[in-house]
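Residue numbers (the numbering used here), protein chains in the order written: chain A, 1 to 72; chain B, 1 to 407. We put the CB at the ideal spot given by N, CA and C, even for glycine.
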Amino acid sequence: MSDRVTLGIDRIKCDGHGVCADLVPELIELDDWGYPIIRGGPIPQSVLPHARRAVSGCPTLALRLQAVASRR
Amino acid sequence: MSIALLAGPPPAQGMEGFAEHQQRLGSLPPATQLIDAIERSNLRGKGGAGFPVATKWRTVASQRSGTPVVLANGGEGEPLSRKDRVLMEQRPHLVIDGALVAAAAVDADDIVLYVGADHTGAMQAMHRAVIERSDAERARVRLVSAPVRYISGEETAAIHFINDGIALPMSIPPRPFERGVDGRPTLVQNVETLAHVALIARFGDDWYRSLGIGTASGTTLVTVGGAVPQTVLVEIPQGASVADAVNAAGGITSDSDAVLLGGYFGGWVESGTAWGLSLDADPLRQLGHSLGCGVIAVLPSGRCGVVETARILAYLAHESARQCGPCTFGLRAISAAAGRVAGLTATPGDLEHIQRWAGLLAGRGACHHPDGAAGLLASALRVFAGEFQLHYHDRRCSVVNTAAVAS
Chain A
1 MSDRVTLGID
11 RIKCDGHGVC
21 ADLVPELIEL
31 DDWGYPIIRG
41 GPIPQSVLPH
51 ARRAVSGCPT
61 LALRLQAVAS
71 RR
Chain B
1 MSIALLAGPP
11 PAQGMEGFAE
21 HQQRLGSLPP
31 ATQLIDAIER
41 SNLRGKGGAG
51 FPVATKWRTV
61 ASQRSGTPVV
71 LANGGEGEPL
81 SRKDRVLMEQ
91 RPHLVIDGAL
101 VAAAAVDADD
111 IVLYVGADHT
121 GAMQAMHRAV
131 IERSDAERAR
141 VRLVSAPVRY
151 ISGEETAAIH
161 FINDGIALPM
171 SIPPRPFERG
181 VDGRPTLVQN
191 VETLAHVALI
201 ARFGDDWYRS
211 LGIGTASGTT
221 LVTVGGAVPQ
231 TVLVEIPQGA
241 SVADAVNAAG
251 GITSDSDAVL
261 LGGYFGGWVE
271 SGTAWGLSLD
281 ADPLRQLGHS
291 LGCGVIAVLP
301 SGRCGVVETA
311 RILAYLAHES
321 ARQCGPCTFG
331 LRAISAAAGR
341 VAGLTATPGD
351 LEHIQRWAGL
361 LAGRGACHHP
371 DGAAGLLASA
381 LRVFAGEFQL
391 HYHDRRCSVV
401 NTAAVAS
């Protein structure tokens, strides 16, 4: 499953700290208000360690890794 | 015009009582093979999303995490819609029958009837209807008064309110069919949908399909407002056109350039295109439209589409649950900029911002509130493109100018 995961986000938990965009700019950019816009689809192997760091580094624990098929 | 849900005693008579309901339609049969019949009838949810009903029921029935609950959703927060409250006022027993037979089909025990607190007539009728039922049925049914707020009818908000008294959307997963009321698998179904089911259970899918026009199946409730004599509820065969629905409501009372199809979560369509559209979920979707919760609002001449859009966006921004950033801040910013453009006080960049932000909201909330607003805005930017430019660049409104000249 590890090669078919994507980033999911709990939008209610997310407070727009923006840590994730610093840690994985390959997958996340911030909108005009500082909230993450996540690139969909499977995460490339090379980026996966950064994605894991973003998940564990999120101050509100809003980010997660999830199977590609499940939505949001 | 075929009618089904609203057949029987005339509206002036008010609520159809249980005895009359039973006499007219017969007793509710068991739910044997009902999900298959619903599938063949091609029934879609009438709350707005239009999800296939049989698919949802099968998903709930297949859950192993507890005895399911049926939640009949009559929150109806959409300001342009009347269908659910009128249906509950006049035919509460159809809704209760639908909930009971749904419970039988998915092996649920408890039933929650969730009714908007401001729909007082509907609340009274549902209350009386529950009292008319047998002790056994009454014991399973709970009538819950939904807070008066646009977002209260959102399915996770309804569950949140029933469980914890907080009518705000929740993050998914878990989805309602996984964990809903009391943590149990929950079938959330709009009250009109359940009323259709009560008829399919009695008369079968062949009969139900025959009500539709062409390949469409069954009937649908539509609230028609705007440039018609008065806002009314009509029941029309699926597959009838927008023009048929508007004519059933008494016809248009002024020229009109655009129609709002689907309510605040729907989209604007040029009238020339709108009149001929067939009110059937699949063909509409293929054309990029949706009947949503069954609203047709005809923009009267003398009313500006840009102004109306800004007004609706202001309402939606105000009604945001303010739980998710993109909705709280993005929708507020869009609403403010659209308000300035509409009010001829745009600041440089407003229209460009609106155009860009319209594409940024969808899929970025716990619920679909921002998606609905983004869809409405995108349709307005298409249909009223010239008028937006006029408001923004020339600080002029062709509609208001016309009115000024006339007066």
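query = Shortest alpha-carbon distance to residue 166(B) belongs to which of 172(B), 77(B), 158(B)?
reply = Ranking the options by Cα distance to residue 166(B), first place goes to 158(B).
query = Listing by chain order, which chain A residues have their CB less than 8 Å from the CB of residue 326(B)?
reply = Listed by position along chain A, the residues whose Cβ is nearer than 8 Å to that of residue 326(B) are 11, 31, 33, 35.
request  = Would you mind sorting residue 51(B) into buried or exposed? The rule is 16 or more other CB atoms within 10 Å of its CB.
outcome  = The residue is exposed, with fewer than 16 neighbouring Cβ atoms inside 10 Å.
ask   = If we call anything under 9 Å between Cβ atoms a contact, is residue 219(B) one with residue 5(B)?
value = Yes, Cβ-Cβ distance for residue 219(B) and residue 5(B) is below 9 Å.
C-alpha distance - residue 328(B) paired with residue 320(B), whole-angstrom precision = Rounded to the nearest angstrom, the two C-alpha atoms are 7 Å apart.
key: Cβ neighbours of residue 406(B) in the same chain (closer than 8 Å, five flanking residues each side left out)   = Note on residue 406(B): pLDDT 38, under 50, position unreliable in the model; the coordinate value appears next. Same-chain partners within the cutoff: there are none.
query = What is the DSSP secondary structure of residue 394(B), counted as helix, strand or coil?
reply = Under the three-state reduction of DSSP, residue 394(B) is assigned to coil, being neither helix nor strand.
ask   = For the alpha helix (DSSP H) that contains residue 316(B), what are its first and last residues?
value = Boundaries of the alpha helix (DSSP H) harbouring residue 316(B): 305-319, taken from the DSSP string.
request  = Examine chain A for any beta-carbon lying closer than 9 Å to the beta-carbon of residue 355(B), and answer yes or no.
outcome  = No, residue 355(B) lies away from the interface with chain A (no Cβ there is under 9 Å from its Cβ).
message = Please report whether the beta-carbon of residue 185(B) lies at a distance below 9 Å from any beta-carbon of chain A.
response = With 9 Å as the cut-off, residue 185(B) does not count as an interface residue toward chain A.
inquiry  = Please report the straight-line C-alpha distance between residue 59(A) and residue 398(B), rounded to a whole angstrom.
reply    = For the pair residue 59(A) and residue 398(B), the Cα-to-Cα distance works out to about 50 Å.
ask   = In the structure shown, what three-state DSSP assignment does residue 33(B) receive?
value = Correct three-state label for residue 33(B): coil.
key: Close beta carbons around residue 346(B), own chain, < 8 Å, minus the five adjacent residues each side   = The residues are 337, 340, 391, 392, 395.
inquiry  = Rounded to the nearest angstrom, what separates residue 288(B) and residue 191(B) at their Cα positions?
reply    = If you draw a straight line from the Cα of residue 288(B) to the Cα of residue 191(B), it comes to about 26 Å.
inquiry  = Taking the straight line between their C-alpha atoms, what separation do you get for residue 116(B) and residue 89(B)?
reply    = Across the structure, residue 116(B) and residue 89(B) are spaced so that their CA atoms are roughly 12 Å apart.
task = Could you name the residues of chain B that residue 16(A) contacts, counting a contact when the two beta carbons are closer than 8 Å?
result = Those within 8 Å of residue 16(A) in chain B are 325.
query = Could you give the residue range of the beta strand (DSSP E) that holds residue 114(B)?
reply = In the DSSP assignment, residue 114(B) falls within the beta strand (DSSP E) that extends over 111-116.
Assigned secondary structure, residue 154(B) (DSSP; H/G/I helix, E/B strand, else coil) = In the structure shown, residue 154(B) adopts coil according to DSSP, grouped into three states.
request  = Taking only the alpha-carbon atoms, compute the straight-line gap between residue 261(B) and residue 54(B) and give it to the nearest angstrom.
outcome  = Pairing residue 261(B) with residue 54(B), the inter-Cα distance amounts to about 25 Å.
inquiry  = Using a Cβ distance threshold of 8 Å, determine whether the stretch 177-197 of chain B contacts the stretch 61-79 of chain B, with at least three qualifying pairs required.
reply    = Contact annotation: the stretch 177-197 of chain B touches the stretch 61-79 of chain B, with at least three C-beta pairs closer than 8 Å.
query = Which same chain residues, not among the five before or five after residue 427(B), have their C-beta less than 6 Å away from its C-beta?
reply = Chain B is shown from 1 up to 407; residue 427(B) falls before or after that span and cannot be answered.
key: is_contact[residue 169(B), chain A] using C-beta, thresh 9 Å   = Cβ-Cβ to chain A under 9 Å: yes for residue 169(B).
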